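Q: The structure that follows is given in the form of structure tokens.
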Amino acid sequence: MDSEKNDQQFDLLKSENARLRTAVEELSILNDIATAISSTLDLDRVIGLIVQKCVKHVKVDQGAVWLLEEKNESGPLKTMVRTVNSSAEGLPYRLDTQLIGWMIKNQKPLIIQDLENDERFQITPKEKEYIRSLLAVPLQQKGKMIGVLTVFNKRSDEVFSGEDCRLLTIIGAQSAQVIEGARLYKEEQELLKMQQEMNVAAQIQMNLLPKDFPSIKNYETYGVSIPAKEVGGDYYDFIPQEDKRLIFCLGDVSGKGMPAALLMANLQATLRGQAISCKDAQTCLKRSNNLLYHSTDMEKYATMFYGILDVINHQLIYANAGHNAPYLVSKKGEVKRLKTAGIPLGWLEEFDYKEERVDINPGDVLVAFSDGISEAMNSREEEFEEERILEVIKTNMHNGPRDITDSLIKVVTSFTGSAPQSDDMTVVVIKRI
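For the sequence shown, the working numbering gives the first residue as 327, with consecutive numbering after it.
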């Protein structure tokens, strides 16, 4: 009787020792993984280390992690990011979508000992060649599935055991939190990089705009550009010439952010280069159009009003490349729209722009503006419209260019109220005194 009791105690002790040994091994494995991945926040590196450790400790040929990324605009649609660590050739990709779909639906561990004959999955001949068996567990963080951890082909033709499944599940639970942290860190770094690029682009744009305004006998000038975001697409410039002429322009480049800032830099260099050699507005726009056409992609273009102010003869020579036509208002309140036909710069090669001339009399005010002014919208989705621009000009004819500009911006801002600024607002004002 004592012998039988001793045997039972021995068996219990043996079982407990085995359980403790397994627990120690699991803790050792988890510590090994934790030590490896604690040294980095790089997402790709973290995933690579996790897969590498799974291949080692579960004793398999290959491993993979798929991360699922929710796309808010398309509901449950998910994007798969795949990382593989392998001692054999890379895995084919057809199985991925089927396995991920099964995991999203069931959200529990999956063991397949004989993939070729498993009716749940349709695999290619190449997959049959490389994949005999697999073990997959969901990666879950705060009750949400963020990915799948999978290992393939037990070594020495063994089968996956319940202990393998338990171990991989534990590894997956630990890894999910680390992966999510690394992913959030990556997103933060990408946002930081994007913000830094936006700051650089904003600085580029600021440096391209005039820092002061030309002082010309009998004339006053002023301009301002208020971007809707950190970096806008509007551009204006004053380019004094040695022959007593003043070139000025106002335009809107396509795009936003760094691409818009680079296109603006390209446009400024082009226009300033042409201003040296061109004596007329239409030739300058034609050459600038050709240069922009050949140096940019099709979707990159710019609208532009280009004027040459002859301060000796008091004439304005101008051409327009698809931009809003400026207003010229006389001291008596007479209004002239400076309209000419022309396509945006960069659209078509060898386009011939039309040039016009108009006299500038004492007291005349010229106001050029971007569509961010005329199309500024309030909370009722009503546009400011050009008629209101004209009203502000007429009301402030007795003021100088800066006061006219400030008044226009103030009225537009009051009109839009709490509605967010949807586009850049740019104004250039020239007045003969």
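Virtual Cβ for every residue (Gly too), placed ideally from N, Cα, C. Quick caveat: nothing in here was measured; it's all calculated off a predicted structure.
Would you call the stretch 528-548 and the stretch 492-500 in contact, with 3 or more CB pairs under 8 Å?
A: Short answer: they don't touch.
Q: Going residue by residue through the stretch 628-664, where are the continuous beta strand (DSSP E) segments of at least 3 residues, counting only ones entirely within it?
A: If we require 3 residues or more, the beta strand (DSSP E) runs fully inside the stretch 628-664 come out as 628-636, 641-647, 653-655, 661-663.
Q: From the DSSP output, which residues share a beta bridge with T547?
A: Partner(s): I756.
Q: Name the residue from A587, I699, D636, E453 whose alpha carbon lies nearest to the alpha carbon of R714.
A: That would be I699, whose Cα lies nearest to the Cα of R714.
Q: How would you write the range of the beta strand (DSSP E) that R683 sits in, first residue to last?
A: Start and end: 681-685.
Q: Within a Cβ cutoff of 6 Å, which residues of the same chain sit near L367, ignoring the five residues on either side of it in sequence?
A: Around L367: A508, Y511.
Q: Looking at the structure shown, is V691 part of a helix, part of a strand, or coil, going by DSSP?
A: Of the three classes helix, strand and coil, the one that applies to V691 here is strand, per DSSP.
Q: Here's a check: name, in chain order, each residue in its chain whose Cβ is nearer than 8 Å to the Cβ of K454, leaving out the five neighbours to either side.
A: Counting only Cβ-Cβ distances below 8 Å, and skipping sequence neighbours, we find L441, E442.
Q: Assign N525 to buried or exposed, taking buried as 16 or more other Cβ atoms, counted over all protein chains shown, within 10 Å of its Cβ.
A: Exposed, because fewer than 16 other Cβ atoms sit within 10 Å of the Cβ of N525.
Q: Which residues bound the alpha helix (DSSP H) around Q522?
A: Residues 488-534.
Q: If you scan the stretch 543-614 from start to end, which runs of the beta strand (DSSP E) of 3 or more residues do you find wholly inside it?
A: As far as the stretch 543-614 is concerned, its whole beta strand (DSSP E) runs of at least 3 residues are 545-552, 560-566, 571-579.
Q: Taking buried to mean at least 16 other C-beta atoms within 10 Å of its own C-beta, is N650 buried or exposed?
A: Buried, because 16 or more other Cβ atoms sit within 10 Å of the Cβ of N650.
Q: List the whole-angstrom C-beta distance separating Y653 from V718, where the pair is believed to meet the contact cut-off of C-beta under 8 Å.
A: Rounded, the Cβ-Cβ distance is 10 Å, inconsistent with contact.
Q: Measure the alpha-carbon distance for R662 versus L517 and round it to whole angstroms.
A: Reading off the sequence, residue 662 comes out as Lys, not Arg. Straight-line Cα distance between these residues: approximately 47 Å.
Q: For T629, I'd like the list of residues in its chain whose CB is within less than 7 Å of its CB, leaving aside the five on either flank, ordered along the chain.
A: Answer for T629: G577, D578, A647, G648, H649, P670, listed in chain order.
Q: Pop quiz: G549 and V753 are said to be a contact at Cβ under 8 Å. What is the actual Cβ separation, rounded to whole angstroms?
A: G549 to V753, Cβ: 7 Å. Contact.
Q: For R571, count neighbouring C-beta atoms within 10 Å of its own C-beta (all shown protein chains included) and say buried if the count is 16 or more, exposed if not.
A: So R571 ends up on the buried side.
Q: Helix, strand or coil: which one does DSSP assign to Q467?
A: If DSSP states are grouped into helix, strand and coil, Q467 belongs with the strands.
Q: Under the three-state reduction of DSSP, which class applies to S412: helix, strand or coil?
A: Caution is warranted here: a pLDDT of 48 is assigned to S412, below 50, making its placement in the model unreliable, and the coordinate value is therefore given only provisionally. If DSSP states are grouped into helix, strand and coil, S412 belongs with the strands.
Q: Compare the beta carbon distance of V655 and M723 with 8 Å and say whether it is the shorter of the two.
A: The answer is yes: Cβ separation under 8 Å.
Q: Taking the straight line between their C-alpha atoms, what separation do you get for K736 and I730?
A: Cα-Cα distance, rounded: 10 Å.
Q: Using beta-carbon positions only, say whether A645 and A607 come within less than 8 Å of one another.
A: Yes, the Cβ-Cβ distance between A645 and A607 is below 8 Å.
Q: Here's the rule: buried if 16 or more other CB atoms are within 10 angstroms of the residue's CB, otherwise exposed. What is D569?
A: When all chains shown are included, D569 counts as exposed.
Q: Any heavy atom of the ligand SAH closer than 7 Å to the beta-carbon of L535?
A: The ligand SAH is not among the ligands present in this structure, which contains no ligands whatsoever.
Q: For the alpha helix (DSSP H) that contains L716, what are its first and last residues?
A: Per DSSP, L716 belongs to the alpha helix (DSSP H) from 711-721.
Q: Please state whether DSSP places W392 in a helix, a strand or coil.
A: Strand at W392.
Q: Which word fits G743, buried or exposed, when buried means at least 16 other C-beta atoms lie within 10 angstroms of its C-beta?
A: By the 10 Å Cβ count, G743 comes out exposed.
Q: Using a 10 Å radius around the Cβ and a threshold of 16 neighbouring Cβ atoms, would you call T721 buried or exposed?
A: Classification of T721: exposed, given that the 10 Å Cβ count is below 16.
Q: Quick check: what's the CA-CA separation for L474 versus W428?
A: Looking at the sequence provided, one finds Val at residue 474 rather than Leu. Roughly 11 Å between the two C-alpha positions.
Q: What does a CB cutoff of less than 8 Å around S733 pick up in its chain, not counting 5 residues either side in sequence?
A: Taken in chain order, the residues that qualify are V718, T721, N722, N725.
Q: Using a Cβ-Cβ cutoff of less than 7 Å, which residues in the same chain neighbour D358 once the five nearest sequence positions on both sides are dropped?
A: Correct list, in chain order: K379.
Q: For S400, does the count of other Cβ atoms within 10 angstroms reach 16, so buried, or fall short, so exposed?
A: Confidence at S400 is low in this model, with a pLDDT of 44, below 50, so its placement is unreliable and no value can be given for it.
Q: Assuming R481 contacts K385 (C-beta within less than 8 Å), just tell me the rounded distance between them.
A: Their Cβ separation, rounded to whole angstroms, is 5 Å, which keeps R481 and K385 in contact under 8 Å.
Q: C604 to Y679, Cα distance in whole Å?
A: Roughly 14 Å separates the two Cα atoms.
Q: Return the bridge partner residues of F539 from the DSSP annotation.
A: None; F539 has no bridge partner.
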